[in-house]
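Take a look at the structure set out below.
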Amino acid sequence: MSFQIPIGPQHPALKEPIGIRVTVDGEIIREADLRLGYNHRGVEKLAEQKTWTQNIYLMERICGICSHSHATCYVQGVEKLMEIEPPKRGLYIRILVSELERVHSHLLWLGVAGHEAGFDSFFMYVWRDREIVMDILETISGNRVHYAINAIGGVRRDLDEMQIKHILESLEVLRQRSDYYRKLGTTEPSFVARLAGVGYLSKEDAISLCAVGPTLRASGVPMDVRQDDPYAVYDEVPFEVCTAETCDVLGRTVVRIKELMQSYNIIEFLLKNLPAGPIAVRAPRKAKPNEVVSRYEAPRGENIHYIKSNGSDKPERLKVRAPTLANYAATIKMLKNGFIADVPLIFAAIDPCICCAERSVAIVEAKSQKERIVTMSSLRNLSLRTENYKTRKREAEWPL
Amino acid sequence: MLQKLTQWSRLKSPWILHLNTGACNACDIEVVAALTPRFDVERFGILLEGTPRHADVIICTGPATRQMKDRLIRVYEQAPDPKFVMAVGACAMSGCVYRGAYNILGGIDQLIPVDVYVPGCPIRPDALIEGVVKLLDKIKQGTR
Amino acid sequence: MNDQALIAKINEGLKDKVVAITSPAPRRIFFKVTTDNLLTAVSWLRQELGITHLSTISGVDLGQSFELLYHFANNYCAITLRAEIPRDQPVLPSICEVIPGAILYERELQDMFGIVVQNIPDGRPLVLPDDWPAGNYPLRKDWKYERPPEVIPGGKS
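Protein chains in written order, with our numbering: chain A, 12 to 411; chain B, 43 to 186; chain C, 5 to 161.
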């Protein structure tokens, strides 16, 4: 007997509306479908009516978790159009905030993954440590989210000695705590067993469906914009691309934890080697007619902006493709032949920045085409109650 | 007598529903951060609920998009009386940076009546707690 | 492999199908093909150069025609393919049989510009709301939007 379960636009666990329709047969999902558009705000049309500087604030508010990614990707493109080169110190501060944003985003995701797997105390612990990162960001820029630290030609605020010392001390605390979470996998086998084997995406599928970010890297494909197309100072900063071989939600968790550790190393390198000098150059008001493609590695994957100018002070065309959109085709593939109760976990595993989506799930019965709407939280409760959902692979091992 | 009891329980432990009508998500993570150990609204008795039928207070973030219009009105009607609505963030108050876009109708007060506005882009969790306290004062004094 | 070697390879592989090719910045190549040769060019990129990652498809309204840009990427370069279609007959072949991940981007083009994509596996609207009046394509340059006046409760408008 199949049901249609629409998981509604309003979901207590995560914050955005998306419509999923799954056709099920018993407990197995046969078909899946996504309805976007609840969050469509018409940003591309709005951007054609605002000047280059006003657009920075608009781009930031495309997404709240990766706001600096969109702003930086845009500003990099505009600097190429105006043919100006920001000074080194400005670039270092920009990338410092980028890596801090990656840390905060991965910690947020870890908490959410714990919550979806039923491990609520882990969620509370990780978010408590995330507050340390929010404090650092507030010291640097003045706001916890939407830092507004980019200006065309550099950054807006500088760092002084006291701030650098404070950041380095907080980094030590964060490192110890993250190490504890990394080791948690070995002492909490039910957590690992819940994640293993869920949401399988083979390497060929990941490549042909154009997945990006940790979803792609967990299937063993080492594509990372910071290494393939180095922007800003990534050709001077030493780091490694993190991959995993298991192709499931456990692999994605492992990739994100490894990236967290890499980010701590990058932040320490940037702070110890911060060059002296000015933080911004002056930018002209108008840009010559030209076009540019700007790519950036956001915490969720590859962010690409295409900007075209026509000689005035407003853009002619601004095209934004956020990373979560690229992972949707892969999500549909992952949902097929899975269980209903895995839907919240699979969905959380691609780290949906649902400023691109809404979360309602509609479940359609395959034979009778009847519809039933349930919320994502009731699916989560279903997965926690039923014994055979609790652990998928009992003998799974923590690969770190 | 029974009315005094229900009034007291509504004041001491308001149950909230968190609804996102097309926001950028920043206000939402701050609302969830209000539950975490640093700010911890659960010690005030505030419980995050899943369904509108159990909720006293509806917390809305985000500008009202066209697609969410019917859903928002439906959720508002599903919540039992007496209910209160908080518009959180500059988007829910008037549309923030998105004013003038073709898919946006403005703030949510174009669709449902709002009791408390919490400004900020995004809000701070402390501001959210202050907003809830102001709402409870309003309930106690009986004004709407 | 650097940009010059890549340009030479494209010129020799696709020969006369390439209308123009430029490299305005390091690791960026832009080349133009006609709409009929679009599928052949994409298949050639996939088979000969091993480029399968499509980042996105952008549409630009140039007045008399629409310009389509297909952004591809791999480990050392970002290659962009250009195609142009006339405004009064906006028809485009779909590349979903070569690159299955292009489906969402082509659906968005249909919504925003009113371009008809032939042989698309699933042509439903993607981002516009259910009650959107048909025939309105928001990203065209001649589509304007007037905001209706809003009512401020309890105050002056």
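No residue lacks a Cβ here, since even glycine has one placed at the ideal position from N, Cα and C.
Host beta strand (DSSP E) of residue i (start-end)
| i | result |
| --- | --- |
| B/E84 | First-last for B/E84: undefined, no H or E at that position. |
| A/N314 | G312 to S320 |
| B/M128 | F126 to V130 |
| A/R328 | P326 to R332 |
| B/T48 | It is not in any beta strand (DSSP E) - B/T48 instead sits in the alpha helix (DSSP H) that spans L44 to K54. |
| A/Q87 | Counting along the chain, A/Q87 falls outside any beta strand (DSSP E), though it belongs to the alpha helix (DSSP H) covering S78 to M93. |
| B/D157 | Counting along the chain, B/D157 falls outside any beta strand (DSSP E), and DSSP gives it neither H nor E. |
| C/T96 | First, the residue type needs correcting, since residue 96 of chain C is Leu and not Thr in the sequence shown. That run of the beta strand (DSSP E) goes V95 to P97. |
| A/S305 | N301 to A309 |
Neighbourhood of residue i by C-beta distance below 6 Å, restricted to the same chain and skipping five residues each side
| i | result |
| --- | --- |
| A/L107 | L281 |
| A/C367 | Confidence at A/C367 is low in this model, with a pLDDT of 37, below 50, so the placement of that residue is unreliable and no value is reported for it. |
| A/Y85 | M70 and H316 |
| A/A340 | L220 |
| C/G118 | Y141 |
| A/I268 | R193 |
| A/P225 | R263, V266 and R267 |
| B/T48 | none |
| C/A106 | L58, I99 and C100 |
| A/Q350 | A small fix is needed here, since residue 350 of chain A is Phe in this sequence, not Gln. Here the set comprises E38. |
Limits of the unbroken alpha helix (DSSP H) element including residue i
| i | result |
| --- | --- |
| C/R32 | Unbroken run through C/R32 is the beta strand (DSSP E), R32 to V37; no alpha helix (DSSP H). |
| B/I71 | A68 to A75 |
| C/N15 | D7 to L18 |
| B/D112 | K111 to Q120 |
| A/I343 | Y339 to L346 |
| B/G173 | P167 to Q183 |
Sequence-distant residues of the same chain with beta carbon closer than 7 Å to residue i, five excluded per side
| i | result |
| --- | --- |
| A/L206 | A128, V260, L261 and T264 |
| B/L53 | L178, I181 and K182 |
| A/D140 | L118, L185 and R188 |
| B/G162 | G131, A132 and A169 |
| A/D169 | I290 |
| C/A77 | H57 and S59 |
| A/L102 | A243 and V244 |
| C/L66 | none |
| A/V114 | V144, L271 and S274 |
| A/L161 | Position check: residue 161 of chain A holds Asn in this sequence, whereas Leu was assumed. For A/N161, where only same-chain residues beyond five positions count, the Cβ hits under 7 Å are I67, A82, T83, V86 and R105. |
Listed by chain order, chain A residues near residue i by CB distance under 8 Å
| i | result |
| --- | --- |
| B/R166 | R155 |
| B/Y144 | G53 and K56 |
| C/A29 | K91 and V303 |
Inter-residue CB distance, residue i and residue j (contact presumed, cutoff 8 Å)
| i | j | result |
| --- | --- | --- |
| B/D157 | B/L170 | Actually they are not in contact, since the Cβ atoms of B/D157 and B/L170 sit about 14 Å apart, beyond 8 Å. |
| A/I318 | A/L336 | Going by Cβ atoms, the distance from A/I318 to A/L336 rounds to 18 Å, so no, they are not a contact pair. |
| A/P434 | A/N66 | Residue 434 of chain A lies beyond the stretch modelled for chain A, which goes from 12 to 411, so this question has no answer here. |
| A/S323 | A/K297 | 6 Å |
| A/A287 | A/S80 | So it is not a contact: roughly 27 Å between Cβ atoms. |
Chain-ordered neighbours of residue i on chain A, where CB pairs are closer than 9 Å
| i | result |
| --- | --- |
| C/V64 | E302, Y317, K319, E327, R328 and K330 |
| B/P79 | M135, Y136, W138, R139 and E142 |
| B/I71 | K26, G75, I76, L119 and V156 |
| B/G148 | Ordered by position in chain A, no residue passes the 9 Å Cβ test against B/G148, which lies about 12 Å from the chain. |
Neighbour list for residue i in chain C, Cβ cutoff strictly below 7 Å
| i | result |
| --- | --- |
| B/D151 | P157 |
Sequence-distant residues of its chain with Cβ nearer than 8 Å to residue i (five each side left out)
| i | result |
| --- | --- |
| C/V102 | L43, V46, S47 and R50 |
| A/F202 | G125, A128, F130, F133, L195 and G196 |
| A/Y211 | C258, D259 and M345 |
| A/K214 | S230, G231, V232 and C258 |
| A/Q87 | Y242, A243, S305 and Y307 |
| A/T452 | Since the displayed chain A opens at 12 and closes at 411, residue 452 of chain A lies outside it and no answer follows. |
| A/L179 | E279 and L282 |
Contact set between residue i and chain B, taken where Cβ atoms lie within less than 9 Å
| i | result |
| --- | --- |
| A/G208 | Neighbours of A/G208 on chain B: none; closest Cβ ~28 Å, over 9 Å. |
Per-residue contacts from residue i into chain C (C-beta, under 9 Å)
| i | result |
| --- | --- |
| B/R85 | By Cβ distance, chain C contributes nothing, its closest Cβ being about 33 Å from B/R85, past 9 Å. |
| B/P56 | Those within 9 Å of B/P56 in chain C number zero; the least Cβ separation is about 23 Å. |
Interface residues of chain B facing residue i [CB-CB closer than 7 Å]
| i | result |
| --- | --- |
| A/L69 | V139 |
Proximal residues of chain A, C-beta to C-beta of residue i below 7 Å
| i | result |
| --- | --- |
| C/L58 | C221 |
| B/A75 | W138 |
| C/A82 | D240, V304 and R306 |
| C/N123 | Correct list: empty, because the minimum Cβ distance to chain A is about 17 Å. |
| C/R32 | V304 |
| C/N41 | Under the 7 Å cutoff, chain A gives no residues; its nearest Cβ is about 22 Å from C/N41. |
Interface partners of residue i on chain C, CB under 8 Å
| i | result |
| --- | --- |
| B/R108 | P133, D135 and W136 |
| A/A340 | P104, G105, I107 and L108 |
| A/I7 | Look at the range of chain A in this structure, 12 to 411, and you will see that residue 7 of chain A is not part of it. |
| A/E313 | S59 and A77 |
Listed in chain order, which residues of the region 129-154 of chain C have Cβ atoms closer than 7 Å to some Cβ of chain F? Among the protein chains in the structure shown, which are A, B and C, there is no chain F.
Note down, one range per segment and in chain order, each alpha helix (DSSP H) of at least 4 residues found wholly within the region 214-287 of chain A. DSSP assignment within the region 214-287 of chain A yields the following whole alpha helix (DSSP H) runs of 4 residues or more, N-terminal first: 214-219, 225-228, 236-239 and 260-283.
Please give me, in chain order, every unbroken run of the alpha helix (DSSP H) with length at least 4 that falls completely inside the region 110-172 of chain A. Runs of the alpha helix (DSSP H) spanning 4 or more residues and lying entirely within the region 110-172 of chain A occur at 131-152, in chain order.
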